[in-house]
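Structure record follows, encoded as C-alpha cells.
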Amino acid sequence: MVTSTVTPKTIKSPAARTAWLNGRYPRVAAMAVVLVVAASLPLVMSDYRLFQFTLAYIYAIALLGLNLLIGYNGQFSLGHGAFFAIGAYTTAIMIDRWDIGYGWTIIAAGAICLVVGFLFGIPALRIEGMYLALATLALALATPQFLKYHLFEGWTGGVQGIVIDKPEAPFGLPLNPDQWLYFFTLAILLLAFVLGWNLVRGRTGRALVAIRDHRIAAQSMGINTALYKSLIFGVSALYTGVAGALSAIVIQFVAPDSFTLFLSIFFVVGIVVGGLGSITGAIYGGFFIQFVPNIADAISQAAPWAIYGIFLIVFMLVMPLGIAGFLAILWHRLIMGRLASDGNEGHPTET
Amino acid sequence: MDGSAAPLLAVENVSLSFGGIVALDKVSFGVEEGQIVGLIGPNGAGKTTLFNCLTRLYRVDEGDIHFQGKSILKLPPHRIAPLGIARTFQNLALFDKMPVLENVMIGMHSRTRSDFLSNALRLPWVGREERAMMDRATELISYLGLEPEMHRRVTDLPFGTMKRVELARALAGSPKLLLLDEPASGLNHKEVEDLIGLIREIRDQRKVTVLLVEHHMSLVMQVSDAVVALNFGRMIASGTPKEMQEDENVIKAYLGDGSA
Chain A
20 MVTSTVTPKT
30 IKSPAARTAW
40 LNGRYPRVAA
50 MAVVLVVAAS
60 LPLVMSDYRL
70 FQFTLAYIYA
80 IALLGLNLLI
90 GYNGQFSLGH
100 GAFFAIGAYT
110 TAIMIDRWDI
120 GYGWTIIAAG
130 AICLVVGFLF
140 GIPALRIEGM
150 YLALATLALA
160 LATPQFLKYH
170 LFEGWTGGVQ
180 GIVIDKPEAP
190 FGLPLNPDQW
200 LYFFTLAILL
210 LAFVLGWNLV
220 RGRTGRALVA
230 IRDHRIAAQS
240 MGINTALYKS
250 LIFGVSALYT
260 GVAGALSAIV
270 IQFVAPDSFT
280 LFLSIFFVVG
290 IVVGGLGSIT
300 GAIYGGFFIQ
310 FVPNIADAIS
320 QAAPWAIYGI
330 FLIVFMLVMP
340 LGIAGFLAIL
350 WHRLIMGRLA
360 SDGNEGHPTE
370 T
Chain B
1017 MDGSAAPLLA
1027 VENVSLSFGG
1037 IVALDKVSFG
1047 VEEGQIVGLI
1057 GPNGAGKTTL
1067 FNCLTRLYRV
1077 DEGDIHFQGK
1087 SILKLPPHRI
1097 APLGIARTFQ
1107 NLALFDKMPV
1117 LENVMIGMHS
1127 RTRSDFLSNA
1137 LRLPWVGREE
1147 RAMMDRATEL
1157 ISYLGLEPEM
1167 HRRVTDLPFG
1177 TMKRVELARA
1187 LAGSPKLLLL
1197 DEPASGLNHK
1207 EVEDLIGLIR
1217 EIRDQRKVTV
1227 LLVEHHMSLV
1237 MQVSDAVVAL
1247 NFGRMIASGT
1257 PKEMQEDENV
1267 IKAYLGDGSA
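Here the protein sequences come in this chain order: A and B.
Taking my numbering, the leading residue of the first sequence gets 20, the next gets one more, and so forth.
Taking my numbering, the leading residue of the second sequence gets 1017, the next gets one more, and so forth.
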C-alpha cells in the first residue's frame, strides 16, 4: 500500500463534516435562500431594475448552454451569438407574422436551435481547438448579414428588425408585464439550471468530460465521441436559442445589429469569468455581462471599454478559476478550512 | 487447450506500416479463453501498435482480427469495449480532472444506458442505475486497495496508484479480454510482486482472459501461460515461458546478434 498523507484517525469527524458540507443539503439550502431572495426582488425593485435582472437571467441561460459545450466538453465556440439570434428571430417572426403564443415560440426556437446546432456539430467534429473557434467565428460574422439580406427582408424586417408587444401576465395575476416576465424568465432559468445540473452529474456528463480530458481513452471506454460531441453542440444551441427567444420577448424588439460578433465574445467572457465547467458559474457570468458594462459606463463615460478591460483583468487575476471557482475555494477555506487543510483543499472544479 | 474451439482472440496475418516503416508484418497468434498471454519484444517491436489495432485506434493494412469468432475490423473504436475488450495504456490515459470514483464509473459506460434526456430529467431508473454503478465502482476500488484515494483527483496520485486506477477502470467494463500495456512499468519490486498475484486473481476469480505487453521479464515468465515475442514487427517466437527463455531468436532480439 502507498502510505497515505492523511491519517484516518485524526480527520474522522472533520471528514464526516466535510462530506456533509460537500453533500446536497447545504447546496439545496443555499439554493432555496437564493430562490426566495430572487422571488422577492419584484417587491423592492423598480421595473427598470427588474428588466435588467431579467436580462441577466437570460444571459445566464445562454451561458449555461455555452458552458456545457466549452467548459464540459472542450469544444470552443465563438459563434453562439448566432444561435441567440436564431432563437430571437424565430420568436419574433412567429409572434409578428402568425400571432402565435410566445410560450410556443420559445419551444420552437429551442427545437430549431437544437437541430441547427446538432447539424453544425457534425462538421465541427473534424476541427478542434482554435480551428473550431474560427469556424464558429464565421457563423457569428455571417449572422447579422443574413438577417439584413434583402431576400429574407419580408420575414426579418431587414435592417429595421421586428417590434413585438410585451405580453401581459396571464390568469389575472396581479403583476405588471415586467414583473411577469421576470418570474417567467426566472422559472425557465431554474428549469434550465436543474436540467443542466442533472445532465452533468450523470453518465452523460461524465462522458462529456471524459471526451474533453482524453478523447482516445473515452473511445476505449465505449463512448461514442462523435455522437456526444454533436449532441452537446445541439443541446448547447438549444439553451442559447431559448435565451435568444426570451430576449426578443423581454426587449420587444429584434434587429440584426443586436447580434454582432461582440455578443458571441461576451458569451465567452461570461463563462470564463463565471467559471468554466461550472453550472452555477453561468449565473455569475450572466450578471457580469449584464451589469459590468453599466458599471464601467457609470465610472467613465469617456472610456467605458477601458474600464471594462480593467475589470476583466482584475477578475482574471483575482479569480483565475472564475467566480464559481473562487467561491468554491472561499467555501472550503471559510467554513472548514482549518479542518480539511490537508485533504482535498480548495477543489474548485465542479466536474 | 484442446485446440478445437476457436480462440477468444485470433490475430491473423496482421500487417501495418506507417509511411515506409513496417510496424507489424504478418503477425498471427491466438489467445484462448482463460489464458494469460505475454507479448514481449524490444522497444519498437510493435507491441503497443498491435494493442492499438486490437482497440481499433489504428487501421490494419492487411490481415484480420477475430474476437469470439467475429471480425472486429469493421467496428469503430467505441464499439470495442461493449464486445468485452478493455485496455490500460502504457503512459496512462486517465481523466485527470476527475476523482478516482468517476474514472472507474466511466469504465462502465458501455454497460449502462442512461442518455442525455433521461439524465437531464433524472428519471427514477437513472437514479437506480447510478447507484448500481457507484456500488460496483466502490467494490472495484476496494478490491484494488484504492479506498483512501476514492474521492481524490487522479492527478494528485502517485504513479503506481494511477496505474491501479486504470486497472480498476478497465475491469469496470466487465471485460472478457483485458489488454494490459506495460502494467509493471514504474512500479517498485513490492508492487510488481502484488501485480503478479493480482493478474492471476483477475483471471481465476473474475474469469478475465489477459493479454499483456511487458518488459519486466520475470513478471511475464511467472504469470503467463503462453508468450509471443515480436521484433521489428514480426513474430519471432511463441510458446510457453520456458520455451521462450531458451529460444535463440528471442535471446538474439534482446541481446543483439553480435553484429551491432
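Cβ coordinates follow ideal geometry from the N, Cα and C atoms, glycine included.
Predicted model only: the values in this text are computed from it and were never measured.
Query                                                                                                                                     : Result
C-alpha distance - I281 of chain A paired with L1160 of chain B, whole-angstrom precision                                                 : Strictly speaking, residue 281 of chain A in this sequence is Phe, with Ile absent from that position. C-alpha separation (whole angstroms): 51 Å.
Pairwise C-alpha distance: L1032 of chain B and R352 of chain A                                                                           : 55 Å
CB-CB length for A1188 of chain B against L1156 of chain B, believed under 8 Å                                                            : 6 Å
Residue span of the alpha helix (DSSP H) that contains E1207 of chain B, given as start and end                                           : 1205-1222
Status (buried if at least 16 other CB within 10 Å, exposed otherwise) for L1196 of chain B                                               : buried
Chain A contacts from the segment 1186-1210 of chain B (Cβ-Cβ distance under 8 Å)                                                         : G1189
C-beta contact flag for V1043 of chain B and D1241 of chain B at 8 Å                                                                      : no
Per DSSP, the bridge partner or partners of R1103 of chain B                                                                              : B:L1195
Interface residues of chain B facing Q238 of chain A [CB-CB closer than 9 Å]                                                              : T1071, R1072, L1073, P1092, P1093, H1094, I1096, A1097
For L1173 of chain B and D1151 of chain B, the rounded distance between their alpha carbons                                               : 22 Å
Nearest candidate by alpha-carbon position, reference R145 of chain A, set A:A101, A:G129, A:F95, A:T162                                  : A:F95
Exposure label - A1153 of chain B; buried when at least 16 CB within 10 Å                                                                 : buried
Simplified DSSP state of G365 of chain A, which is helix, strand or coil                                                                  : In this prediction, G365 of chain A scores a pLDDT of 41, lower than 50, which makes its location untrustworthy; no coordinate-derived value is stated.
Contact list for the segment 1112-1129 of chain B against chain A, Cβ threshold 9 Å                                                       : D1112, K1113, M1114, P1115, E1118, N1119, M1121, I1122, G1123, M1124, H1125, S1126, R1127, T1128, R1129
Against chain A: residues of the segment 1135-1158 of chain B by CB proximity under 8 Å                                                   : N1135, A1136, L1137, R1138, V1142, E1145, E1146, M1149
C-alpha distance - G224 of chain A paired with Q1261 of chain B, whole-angstrom precision                                                 : 49 Å
Contacts around I30 of chain A, its chain only, beta-carbon distance under 6 Å, and the 5 residues preceding and following it disregarded : Confidence at I30 of chain A is low in this model, with a pLDDT of 44, below 50, so the placement of that residue should be treated as unreliable; the coordinate-derived value is given next. The answer is none, since no qualifying residue turns up.
G304 of chain A vs G90 of chain A beta-carbon contact at 8 Å                                                                              : no
Alpha-carbon spacing of A1109 of chain B relative to H1125 of chain B, whole angstroms                                                    : 16 Å
Amino acids of chain A, ordered along the chain, whose beta-carbon sits closer than 7 Å to that of R1131 of chain B                       : The displayed chain sequence assigns Asp, not Arg, to residue 1131 of chain B. Those are T223, listed as they occur along chain A.
Reduced DSSP category for M1124 of chain B - H, G, I as helix; E, B as strand; rest coil                                                  : coil
Cβ-based neighbour list, F1175 of chain B, same chain, cut-off 7 Å, excluding 5 preceding and 5 following                                 : G1202
Three-state secondary structure (DSSP) of T299 of chain A                                                                                 : coil
Contacts of A1109 of chain B in chain A (Cβ-Cβ under 8 Å)                                                                                 : H233, I235, A236, S239
Cβ pair V1229 of chain B, E1264 of chain B closer than 8 Å                                                                                : no
Chain B within 8 Å of T110 of chain A, Cβ atoms only                                                                                      : no
CB contact below 8 Å: M243 of chain A versus chain B                                                                                      : Per the sequence presented here, residue 243 of chain A reads as Asn, with Met not at that position. So, interface residue.
Where V21 of chain A falls: helix, strand or coil (DSSP)                                                                                  : Note that V21 of chain A scores a pLDDT of 43, beneath 50, so its modelled location is shaky and nothing firm can be said.
Cut-off 6 Å between Cβ atoms - residues of its own chain near I181 of chain A, not counting five sequence neighbours on either side       : A111, D115, V273
As assigned by DSSP and simplified to three states, the class of L1024 of chain B                                                         : coil
Cβ-based burial, Q238 of chain A [other Cβ within 10 Å; buried from 16]                                                                   : buried
Min CB distance N217 of chain A to chain B below 8 Å                                                                                      : yes
Distance, R1072 of chain B Cα to L1091 of chain B Cα                                                                                      : 7 Å
Enclosing beta strand (DSSP E) for F1083 of chain B [first to last residue]                                                               : 1078-1083
Backbone CA spacing between V228 of chain A and R1075 of chain B [nearest angstrom]                                                       : 26 Å
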